[in-house]
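Here is the structure we will look at, set down as C-alpha coordinates.
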Amino acid sequence: MAEPILLDFQRMLGGHESRTSDEQEFLMAMQQTWEDARTEGRAEGRTEGRTEGRTEGLIAAQVKAVLTVLRARGITMPDVAERRIQAERDLARLERWLERASVASSIAEVIDDAS
(Lines of atoms letter the chains of each structure in order from A and count residues from 1; the text may use other names and numbers.)
(Lines give C-alpha, C1' and ligand atoms only; values in the text may rest on other atoms or scores of the structure.)
Protein backbone atom coordinates (compact mmCIF):
# COMPACT_ATOMS: atom_id res chain seq x y z
CA MET A 1 0.00 0.00 0.00
CA ALA A 2 2.82 2.38 0.80
CA GLU A 3 4.70 1.72 -2.43
CA PRO A 4 2.85 4.34 -4.54
CA ILE A 5 3.34 6.97 -1.84
CA LEU A 6 7.03 6.17 -1.45
CA LEU A 7 7.56 6.15 -5.21
CA ASP A 8 5.88 9.55 -5.53
CA PHE A 9 8.05 10.84 -2.71
CA GLN A 10 11.15 9.41 -4.37
CA ARG A 11 10.23 11.03 -7.70
CA MET A 12 9.54 14.32 -6.00
CA LEU A 13 12.90 14.36 -4.23
CA GLY A 14 14.71 12.96 -7.24
CA GLY A 15 13.22 15.64 -9.49
CA HIS A 16 14.74 18.50 -7.55
CA GLU A 17 17.94 19.71 -9.12
CA SER A 18 19.16 21.11 -5.84
CA ARG A 19 18.69 18.69 -2.99
CA THR A 20 19.80 19.27 0.54
CA SER A 21 22.43 16.94 1.88
CA ASP A 22 19.74 15.37 4.13
CA GLU A 23 17.49 14.71 1.11
CA GLN A 24 20.41 13.22 -0.83
CA GLU A 25 21.39 11.02 2.09
CA PHE A 26 17.79 9.91 2.52
CA LEU A 27 17.46 9.01 -1.16
CA MET A 28 20.67 7.00 -1.11
CA ALA A 29 19.71 5.14 2.06
CA MET A 30 16.17 4.39 0.90
CA GLN A 31 16.90 3.36 -2.70
CA GLN A 32 17.89 -0.22 -1.83
CA THR A 33 15.12 -0.48 0.76
CA TRP A 34 12.51 0.52 -1.82
CA GLU A 35 13.90 -1.90 -4.39
CA ASP A 36 14.00 -4.76 -1.86
CA ALA A 37 10.44 -4.05 -0.69
CA ARG A 38 9.18 -3.86 -4.28
CA THR A 39 10.87 -7.15 -5.19
CA GLU A 40 9.58 -8.85 -2.05
CA GLY A 41 6.05 -7.57 -2.62
CA ARG A 42 6.01 -8.85 -6.18
CA ALA A 43 7.34 -12.25 -5.09
CA GLU A 44 4.69 -12.51 -2.37
CA GLY A 45 1.99 -11.55 -4.84
CA ARG A 46 3.09 -14.22 -7.29
CA THR A 47 3.23 -16.88 -4.57
CA GLU A 48 -0.16 -15.93 -3.16
CA GLY A 49 -1.64 -15.81 -6.65
CA ARG A 50 -0.33 -19.27 -7.51
CA THR A 51 -1.57 -20.73 -4.23
CA GLU A 52 -5.00 -19.17 -4.60
CA GLY A 53 -5.19 -20.23 -8.23
CA ARG A 54 -4.19 -23.78 -7.37
CA THR A 55 -6.79 -23.98 -4.60
CA GLU A 56 -9.53 -22.58 -6.85
CA GLY A 57 -8.55 -25.10 -9.52
CA LEU A 58 -8.79 -27.99 -7.05
CA ILE A 59 -12.16 -26.75 -5.84
CA ALA A 60 -13.49 -26.45 -9.40
CA ALA A 61 -12.27 -29.96 -10.24
CA GLN A 62 -13.83 -31.43 -7.10
CA VAL A 63 -17.16 -29.67 -7.74
CA LYS A 64 -17.16 -31.00 -11.30
CA ALA A 65 -16.37 -34.50 -10.06
CA VAL A 66 -19.25 -34.49 -7.57
CA LEU A 67 -21.71 -33.25 -10.20
CA THR A 68 -20.42 -35.72 -12.80
CA VAL A 69 -20.75 -38.72 -10.47
CA LEU A 70 -24.27 -37.68 -9.48
CA ARG A 71 -25.33 -37.30 -13.13
CA ALA A 72 -23.64 -40.55 -14.18
CA ARG A 73 -25.44 -42.42 -11.43
CA GLY A 74 -28.76 -40.91 -12.53
CA ILE A 75 -29.39 -39.15 -9.21
CA THR A 76 -31.99 -36.44 -9.59
CA MET A 77 -30.58 -33.12 -8.56
CA PRO A 78 -32.77 -30.06 -7.97
CA ASP A 79 -31.32 -26.69 -9.02
CA VAL A 80 -30.89 -25.67 -5.38
CA ALA A 81 -28.72 -28.75 -4.72
CA GLU A 82 -26.58 -28.09 -7.78
CA ARG A 83 -26.09 -24.46 -6.75
CA ARG A 84 -25.16 -25.63 -3.22
CA ILE A 85 -22.50 -27.95 -4.62
CA GLN A 86 -21.16 -25.27 -6.96
CA ALA A 87 -20.96 -22.75 -4.10
CA GLU A 88 -18.99 -25.03 -1.76
CA ARG A 89 -15.38 -23.98 -1.18
CA ASP A 90 -14.30 -26.50 1.48
CA LEU A 91 -12.16 -29.15 -0.22
CA ALA A 92 -12.60 -31.66 2.60
CA ARG A 93 -16.38 -31.37 2.39
CA LEU A 94 -16.31 -31.71 -1.39
CA GLU A 95 -14.22 -34.87 -1.01
CA ARG A 96 -16.78 -36.32 1.45
CA TRP A 97 -19.55 -35.44 -0.98
CA LEU A 98 -17.72 -37.17 -3.81
CA GLU A 99 -17.31 -40.32 -1.73
CA ARG A 100 -20.98 -40.23 -0.77
CA ALA A 101 -22.06 -39.53 -4.37
CA SER A 102 -20.39 -42.75 -5.49
CA VAL A 103 -22.67 -44.86 -3.26
CA ALA A 104 -25.72 -42.66 -2.57
CA SER A 105 -29.18 -43.29 -3.93
CA SER A 106 -30.38 -39.70 -3.44
CA ILE A 107 -28.97 -36.21 -3.31
CA ALA A 108 -30.01 -35.97 0.36
CA GLU A 109 -27.51 -38.70 1.19
CA VAL A 110 -24.74 -36.61 -0.37
CA ILE A 111 -25.26 -33.05 0.87
CA ASP A 112 -27.23 -33.43 4.07
CA ASP A 113 -26.92 -30.55 6.56
CA ALA A 114 -24.84 -32.66 8.95
CA SER A 115 -21.88 -32.59 6.56
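End of the sequence shown = 313 in this note's numbering, gap-free, step of one.
Idealized CB from N, CA, C, for every residue including glycine.
How would you call residue i, buried or exposed, if buried means at least 16 neighbouring beta carbons within 10 angstroms?
i       : result
Ala-299 : buried
Gln-284 : exposed
Val-264 : buried
Leu-292 : buried
Ala-301 : Residue 301 is actually Val in this sequence, not Ala. Answer is exposed; the Cβ neighbour count stays below 16.
Since residue i is in the alpha helix (DSSP H), which residue starts that stretch and which ends it?
i       : result
Val-278 : 277 to 285
Arg-291 : 289 to 299
Starting from the C-beta of residue i, find all residues in its chain whose C-beta is less than 8 Å away, skip the five residues before and the five after it, and write them out in chain order.
i       : result
Ile-305 : Leu-268, Ile-273, Thr-274, Met-275, Pro-276, Ala-279
Any Cβ of chain B within less than 7 Å of the Cβ of residue i?
i       : result
Glu-223 : Of the protein chains in this structure there is only one, and it is not chain B.
CB-CB under 6 Å to residue i, same chain, minus the five flanking residues each way: which ones, in chain order?
i       : result
Val-286 : According to the sequence shown, residue 286 is Glu rather than Val. Contacts found: Leu-292.
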